[in-house]
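Heads up, the sequence shown is in our numbering, so the first residue is 4 and it goes up one at a time. One structure below.
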Amino acid sequence: MYFFPIQYDEPLFRPPSEANAAIVQATLGCSWNSCAFCNMYETKKFKVRPFDDVRHDIAALAKAMPTARKVFLADGNAFVLSYDKLMPIVSAIKEHFGKVHRISAYALPGNILAKTHEQLCELRANGLTLLYIGVESGDNDLLAMINKSETAESTLEGISKAHAAGIDTSVMIINGLGGQKYSQQHALNSANLVSQLNPKFLSTLTLFTPHGLNQFQTQFKGDFIPQTQVEQLNELRLFIEHLELDGTIFRSNHVSNSVGLEGVLPKDKATILTTLNQVIAQVNNWPQSNGIRNLGRY
Ligand code: SF4
Numbered sequence: 004m005y006f007f008p009i010q011y012d013e014p015l016f017r018p019p020s021e022a023n024a025a026i027v028q029a030t031l032g033c034s035w036n037s038c039a040f041c042n043m044y045e046t047k048k049f050k051v052r053p054f055d056d057v058r059h060d061i062a063a064l065a066k067a068m069p070t071a072r073k074v075f076l077a078d079g080n081a082f083v084l085s086y087d088k089l090m091p092i093v094s095a096i097k098e099h100f101g102k103v104h105r106i107s108a109y110a111l112p113g114n115i116l117a118k119t120h121e122q123l124c125e126l127r128a129n130g131l132t133l134l135y136i137g138v139e140s141g142d143n144d145l146l147a148m149i150n151k152s153e154t155a156e157s158t159l160e161g162i163s164k165a166h167a168a169g170i171d172t173s174v175m176i177i178n179g180l181g182g183q184k185y186s187q188q189h190a191l192n193s194a195n196l197v198s199q200l201n202p203k204f205l206s207t208l209t210l211f212t213p214h215g216l217n218q219f220q221t222q223f224k225g226d227f228i229p230q231t232q233v234e235q236l237n238e239l240r241l242f243i244e245h246l247e248l249d250g251t252i253f254r255s256n257h258v259s260n261s262v263g264l265e266g267v268l269p270k271d272k273a274t275i276l277t278t279l280n281q282v283i284a285q286v287n288n289w290p291q292s293n294g295i296r297n298l299g300r301y
């Protein structure tokens, strides 16, 4: 029987790249918990865990995973914690995990803006070197409709502030977020914002609607027109075409994506676009597919 040293408050989520990390729940749930497309923490009421409980988990995990090099702070946006609450946690991780080289957390841009440059630098100096940020879109119309609590401007300001302190970011964009009507402005404004951010990591996910299409229709005042998969892939192509990045590691390999893509941008941009073009052409050639047939996973 597998023994795990601590009891998590389920459900527990972490980014795919933190698969081997020790996961420490510093907070429970998401302090915002209101994005139209997200049901990750709908069963949880946001809570800051007492430091003694967090420290207990850190010590127990460190004993069980003495060679862990990554520690991820859960849940939804643990970076919402104030500097005064985060620093003792980061210090305890450094004290117990002898080999840790990266501490990371989910964050909203507003959580970054709530800290001073000096506080961010101090967190960075003590090992908190990566933030995962669901930017979702660079288009303000869409950000308002999905109830994101951020704008393109606040996102640019917040992420730039993290970068200025030496903290890297991993940025996520949702393909298909605006349906047919907003597809072009979503792709172009997202490419524009991400290009200004130039994050270390960029990934795309594809929209799914856990609360059903009706909720989306309500948020969009009836304006949400679902896309075919080919339309979503065309949108992804437009987004990638307009990215101007310098050494960003791109991954579009989430389970929600119908085509798996990855590479370093701009070096692999042409290869990625060629792959996308091939898949789009192939789907368009399927008899009676009409671009609608479920692609499965490439
Ligand atoms: S901020 Fe993130 S975790 Fe919270 S509701 Fe929005 S998408 Fe979900």
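Glycine is no exception: its CB is placed at the ideal position from the N, C-alpha and C atoms.
- Item | Beta-carbon gap between residue 228 and residue 270 smaller than 7 Å | Taking the sequence shown and counting its residues from 1, the one referred to as residue 228 is at position 225. Taking the sequence shown and counting its residues from 1, the one referred to as residue 270 is at position 267. Annotated as distal: residue 228 and residue 270, with beta-carbon spacing of 7 Å or more.
- Measuring from the CB of residue 175, is there a heavy atom of the ligand SF4 at a distance below 6 Å? The count along the sequence shown starts at 1 and reaches residue 175 at position 172. It does not: the Cβ of residue 175 is nowhere closer than 6 Å to a heavy atom of the ligand SF4.
- Those residues which DSSP pairs with residue 178 across a bridge: Counted from its first residue, the sequence shown places residue 178 at position 175. For residue 178, which the question treats as bridged, DSSP gives the partners 209.
- Task: Over the uninterrupted beta strand (DSSP E) stretch that includes residue 32, give me the two end residues.
- Result: The residue given as residue 32 occupies position 29 in the sequence shown. Looking at the DSSP string, residue 32 is not in any beta strand (DSSP E), and its letter there is neither H nor E.
- Item | Cβ pair count under 8 Å reaching 3, the stretch 122-133 against the stretch 141-152 | With the cut-off at 8 Å, the stretch 122-133 and the stretch 141-152 do not touch.
- Message: So, under 8 Å CB-CB, residue 92 and residue 103 are touching, yes? Tell me the CB distance rounded to an integer number of Å.
- Response: To locate residue 92, count along the sequence shown from 1; it is residue 89. To locate residue 103, count along the sequence shown from 1; it is residue 100. Contact flag wrong, Cβ pair sits at about 12 Å.
- Item | Where the alpha helix (DSSP H) through residue 164 begins and ends | Position 161 of the sequence shown, counted from the first residue, corresponds to residue 164. Run containing residue 164: 155-167, per the alpha helix (DSSP H) assignment.
- Message: Looking at the secondary structure, which residues open and close the beta strand (DSSP E) in which residue 246 lies?
- Response: Counting from 1 along the sequence shown, the entry for residue 246 is found at position 243. Run containing residue 246: none; DSSP gives neither H nor E here.
- Query: Where do the N-terminal and C-terminal ends of the alpha helix (DSSP H) with residue 127 fall, by residue?
  - Reply: Here the question's residue 127 lines up with position 124 in the sequence shown. Where residue 127 is concerned, the enclosing alpha helix (DSSP H) starts and stops at 120-128.
- Query: Ordered along the chain, which non-local residues of its own chain (more than five positions away) have a Cβ less than 8 Å from that of residue 27?
  - Reply: To locate residue 27, count along the sequence shown from 1; it is residue 24. Here residue 27 has 57, 60, 61, 64, 74, 75, 76, 77, 92, 96 as same chain residues with Cβ atoms under 8 Å from its own Cβ, once five neighbours each way along the sequence are excluded.
- Do you know offhand how far residue 10's Cα is from residue 226's? Mapped onto the sequence shown, residue 10 falls at position 7. Mapped onto the sequence shown, residue 226 falls at position 223. Just so you know, the alpha carbons of residue 10 and residue 226 end up roughly 44 Å apart.
- Item | Meets three-Cβ-pair contact criterion under 8 Å: the stretch 184-204 and the stretch 234-248 | Yes: the two stretches touch, three or more of their Cβ pairs being nearer than 8 Å.
- Task: Run the proximity test for residue 289: is its beta-carbon closer than 6 Å to any non-hydrogen atom belonging to the ligand SF4?
- Result: Locating residue 289 in the sequence shown gives position 286, counting from the first residue. The ligand SF4 never approaches residue 289 closely enough for any of its heavy atoms to be under 6 Å from the residue's Cβ.
- Message: Is the separation between the beta-carbon of residue 241 and that of residue 168 shorter than 7 Å?
- Response: On the sequence shown, residue 241 is found 238 positions in, with the first residue counted as 1. On the sequence shown, residue 168 is found 165 positions in, with the first residue counted as 1. In this structure, residue 168 does not lie closer than 7 Å to residue 241 by Cβ.
- Query: Would you say residue 43 touches the ligand SF4, meaning its beta carbon is less than 6 Å from a heavy atom?
  - Reply: As a working note, residue 43 is residue 40 in the sequence shown. Residue 43 Cβ: within cutoff of the ligand SF4.
- Message: Please state the DSSP three-state secondary structure of residue 25.
- Response: In the sequence shown, counting from the first residue as 1, residue 25 sits at position 22. Three-state DSSP puts residue 25 in a strand.
- Query: By how many angstroms is the C-alpha of residue 287 removed from the C-alpha of residue 116?
  - Reply: Here residue 116 corresponds to residue number 113 of the sequence shown, with the count starting at 1. Here residue 287 corresponds to residue number 284 of the sequence shown, with the count starting at 1. If you take the alpha carbons of residue 116 and residue 287, they lie about 45 Å apart.
- Beta-carbon contacts of residue 308 that lie in its chain and below 6 Å, excluding the five residues immediately before and after: The requested residue 308 does not occur in the structure, where the chain is confined to residues 4 to 301.
- Message: Taking 6 Å as the cut-off, is the C-beta of residue 79 nearer than that to any heavy atom in the ligand FAD?
- Response: The model on display carries the ligand SF4 but not the ligand FAD.
- Item | Anticipated Cβ contact below 8 Å, residue 30 with residue 83, distance rounded | Position 27 of the sequence shown holds residue 30. Position 80 of the sequence shown holds residue 83. 7 Å between Cβ atoms; contact.
- Is it right to say residue 142 is buried, meaning 16 or more other beta carbons lie within 10 angstroms of its own, or is it exposed? Position 139 of the sequence shown, counting from 1, holds the residue named residue 142. By the Cβ neighbour-count rule, residue 142 is buried, with 16 or more other Cβ atoms within 10 Å of its own.
- Heavy atom of the ligand SF4 within 6 Å of residue 179 beta-carbon: Position 176 of the sequence shown, counted from the first residue, corresponds to residue 179. No, the Cβ of residue 179 stays beyond 6 Å of every heavy atom of the ligand SF4.
- Query: On the three-state DSSP scale, how would you describe residue 170?
  - Reply: Your numbering for residue 170 matches position 167 in the sequence shown. The three-state reading of DSSP puts residue 170 in coil, since its state is none of H, G, I, E or B.
- Message: Just to confirm before moving on: does the CB-CB distance between residue 154 and residue 162 stay below 7 Å?
- Response: Within the sequence shown, numbered from 1, the residue matching residue 154 stands at position 151. Within the sequence shown, numbered from 1, the residue matching residue 162 stands at position 159. Contact flag unset, no.
- Query: Within the present structure, is the beta-carbon of residue 36 separated from the nearest heavy atom of the ligand SF4 by less than 6 Å?
  - Reply: In the sequence shown, counting from the first residue as 1, residue 36 sits at position 33. Answer for residue 36: yes, Cβ within range of the ligand SF4.
- Query: Distance, Cα to Cα, residue 278 vs residue 177?
  - Reply: One-based indexing of the sequence shown puts residue 278 at position 275. One-based indexing of the sequence shown puts residue 177 at position 174. Rounded to the nearest angstrom, the two C-alpha atoms are 19 Å apart.
- The alpha helix (DSSP H) with residue 86 in it runs from where to where? In the sequence shown, counting from the first residue as 1, residue 86 sits at position 83. It spans 86-99 - the alpha helix (DSSP H) in which residue 86 sits, taken as one unbroken run.
- Query: Quick one: Cα of residue 233 to Cα of residue 203, how far?
  - Reply: Counting from one through the sequence shown, the residue named residue 233 turns up at place 230. Counting from one through the sequence shown, the residue named residue 203 turns up at place 200. Between residue 233 and residue 203, the C-alpha separation is close to 28 Å.
- Item | Cut-off 6 Å between Cβ atoms - residues of its own chain near residue 300, not counting five sequence neighbours on either side | For the purposes of this step, residue 300 is taken as residue 297 along the sequence shown, with counting starting at 1. With a pLDDT of only 37 at residue 300, under 50, the local geometry of the prediction cannot be trusted, and the value read off the model is given with reservation. If we look at residue 300 and ignore the five residues flanking it on each side, it has no Cβ neighbours.
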